[in-house]
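In what follows, a single structure is set out as structure tokens and then discussed.
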Amino acid sequence: MASLLVAHGRPGFYFRVLEEGEVEAGDEVVRISRGPENLSIAEINALLYKPGHSTARLEQALRITALSAGWRSSFLALLDRAHTGDTTSGNPGLVSAVEPQPGWQGFRPLQVTDKRHESDDVTSLILESSDGRPLVRGRPGQFIVLRLRATPAAPPDLRSYSLSDVPSGDRYRISVKRNRGGVVGSHIHDNVQIGDIIEASAPRGSFVLEPGGGPIVLLSGGIGVTPMLAMLHALAAESSPREVWWIHGARNGSEHPFAGEVGACLGALPRAHRHICFSSPTSADRPGVDFDASGHASVDSLKGIGTPRAAAFYLCGPPAFMTELRTGLAAWGVDAKRIRSESFGGGPAVTPGIVATPYRQPHPPAGATGTGPMVSFARSGLNVRWKSTYQSVLELAEACDVPVRWSCRTGVCHSCQTPVISGGVDYRPDPIEPPADGTILLCCSQPEGDVVIDL
Ligand code: FES
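Number 213 in this note's numbering belongs to position 179 of the sequence shown; there are no gaps in the numbering.
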């Protein structure tokens with residue numbers, strides 16, 4: 035219904051209330067003036083939601099001072115794309131961060147050319163092209179998705195791992211932590227050998243080191259160090275003059291991989307600061323050498339060591355670490371635009387109008403197993419067969435408690451736009467405007483074959 039209304043130019047709202055009062059049946063509605071630029075609400079609505087986005091109309095709309103901040107920023111985003119000659123698809127007025135297209139669609143075989151023990155529980159794999167075709171140089175902070183079979187006779191497992199080395203078009207390094215009960219991590223530690231072939235996606239993701247000259251804080255906990263390490267390498271490779279703060283939390287020295295590598299990178303930076311926190315240092319750990327403080331990395335510790343509040347903050351670590359630091363940074367007054375974070379579970383769900391429920395680990399849906407195409411939720415590590423009783427991929431994700439974002443649920447608002455790693459979907463109903471290339475709208479799509487979704 036929402037889709038039909040928008041498609042037919044009836045957005046469902048017609049007035050902006052400037053002064054509240056009582057309105058009742060029988061009251062006369064009188065137009066007392068025309069708004070500037072003579073654009074109706076329906077035209078404004080179509081300018082954002084329907085294809086076309088005429089530059090002249092956008093400029094006209096932006097001259098209307100009554101336009102709210104939200105609509106204004108949407109139109110500015112559309113205008114910006116038009117003025118910069120950007121040819122990216124999708125609707126930047128609805129979804130602000132459309133990640134760049136990955137270097138290849140789906141998966142390609144890569145060869146394990148080295149395997150390194152980094153610490154008690156972290157192992158790195160070096161992956162190179164297995165067929166002579168060059169790789170695609172990722173951006174510092176991006177990740178790749180591996181498709182490998184940890185359990186014979188079971189469907190392939192999908193896992194996302196950040197690239198942990200300086201961006202390269204020749205080789206990728208990933209660094210994998212063995213977690214208790216973790217099937218894929220254990221398989222990589224115990225079974226994967228040099229010479230093995232592993233299927234991998236191209237580097238992807240929008241958590242990347244942004245250019246700039248201001249101070250930068252790389253803040254990580256545990257294995258969340260990996261994307262930060264790629265960023266640190268990139269900064270060190272160009273001897274960046276930026277002020278760089280390396281803040282890392284670990285249990286103790288036996289669970290602190292890459293210490294030497296980080297030290298070498300920091301040594302290549304003229305304005306580097308280090309603050310390593312060990313929550314349970316052992317007698318072998320030397321204060322001031324192996325670590326700088328006992329306890330957890332916190333916003334109070336950032337303030338204590340003089341980290342500038344105006345810096346760009348990059349965060350990656352366990353969920354509790356991320357939540358505490360995000361909250362703390364916001365309370366400190368750090369602008370949300372300067373806080374970027376990566377999490378390898380699904381992102382936070384956005385389900386307007388629905389009472390929040392406690393987080394549940396994603397799981398196969400209840401009831402009989404489907405017989406349709408395989409739908410894989412890569413971040414959730416879940417493979418599920420499609421059943422035609424689901425209206426959309428969104429409904430299937432919800433049945434699995436995979437965190438999702440939505441608003442209109444009929445292909446209008448693009449809130450549910452999600453990157454797809456391989457495969458494709460059909461739409462019923464068709465979205466008002468197609469999503470960006472390499473993404474799908476969950477709320478109105480059905481798999482056309484096996485599909486792997488970055489969710
Ligand atoms: S397009 Fe609005 S929720 Fe999918």
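Backbone N, C-alpha and C define an ideal beta-carbon position, used for all residues, glycine too.
Within the region 195 to 260, the complete beta strand (DSSP E) segments of 3 residues or longer fall at 205 to 211, 231 to 234, 250 to 255, listed in chain order. A heavy atom of ligand 1 is found nearer than 6 Å to the CB of R443.
Between V226 and V146, the beta carbon gap of about 6 Å places them in contact (Cβ cut-off 8 Å). Of all alpha-carbon atoms in T122, F411, V459, the one lying nearest the alpha-carbon of R181 is that of F411. According to DSSP, G283 shares a beta bridge with G255, C311. Cβ atoms of G322 and G283 stay farther apart than 8 Å, at about 17 Å.
A contact is defined here as three or more CB-CB pairs under 8 Å, and the region 339 to 347 meets this definition with respect to the region 245 to 259. The C-alpha of G124 lies about 44 Å from the C-alpha of G294. In this structure, the alpha-carbon of T403 lies about 8 Å from that of W420. Residues N286, G287, F312, F325 of the same chain have their beta carbon placed closer than 8 Å to that of D319, with the five preceding and five following residues left out of the count.
Just so you know, the alpha carbons of A370 and L476 end up roughly 27 Å apart.
Between the region 386 to 401 and the region 428 to 439 there are three or more C-beta pairs closer than 8 Å, enough to call the two in contact.
Around the C-beta of N213, fewer than 16 other C-beta atoms lie within 10 Å, and the residue is accordingly described as exposed. Annotation for I75: the continuous alpha helix (DSSP H) segment containing it runs 75 to 83. DSSP lists no bridge partner for M35. Of the heavy atoms belonging to ligand 1, at least one sits nearer than 6 Å to the Cβ of L475.
The alpha carbon of V485 has as its nearest neighbour, out of P465, M262, C350, N417, the alpha carbon of N417. At least one heavy atom of ligand 1 lies less than 6 Å from the C-beta of S449. In the structure shown, C350 falls within a strand segment according to DSSP collapsed to helix, strand and coil. With a threshold of 6 Å, the Cβ atom of W138 does not count as near ligand 1, since no heavy atom of the ligand is closer than that. Approximately 7 Å separates the beta-carbon atoms of S449 and V384; this is inside 8 Å, confirming the contact. G127 sits away from L144, with the two beta carbons spaced by 7 Å or more.
Counting only residues of its own chain and dropping the five nearest sequence neighbours on each side, G406 has a CB closer than 8 Å to the CB of R419, W420, K421, S422, P481. Here the region 361 to 376 does not lie against the region 272 to 283, with fewer than 3 beta-carbon pairs under 8 Å apart. Per the coordinates, the alpha-carbon of A59 lies some 53 Å from the alpha-carbon of P353.
Annotation: the continuous alpha helix (DSSP H) that includes D114 extends over 103 to 118. Secondary structure note for D435: it is in no alpha helix (DSSP H), with a DSSP letter that is neither H nor E. Around the C-beta of M262, 16 or more other C-beta atoms lie within 10 Å, and the residue is accordingly described as buried. At least 7 Å separates the beta-carbon of S37 from that of G387. Around the C-beta of S479, 16 or more other C-beta atoms lie within 10 Å, and the residue is accordingly described as buried. With contact defined as three or more Cβ pairs closer than 8 Å, the region 197 to 207 and the region 162 to 176 are in contact.
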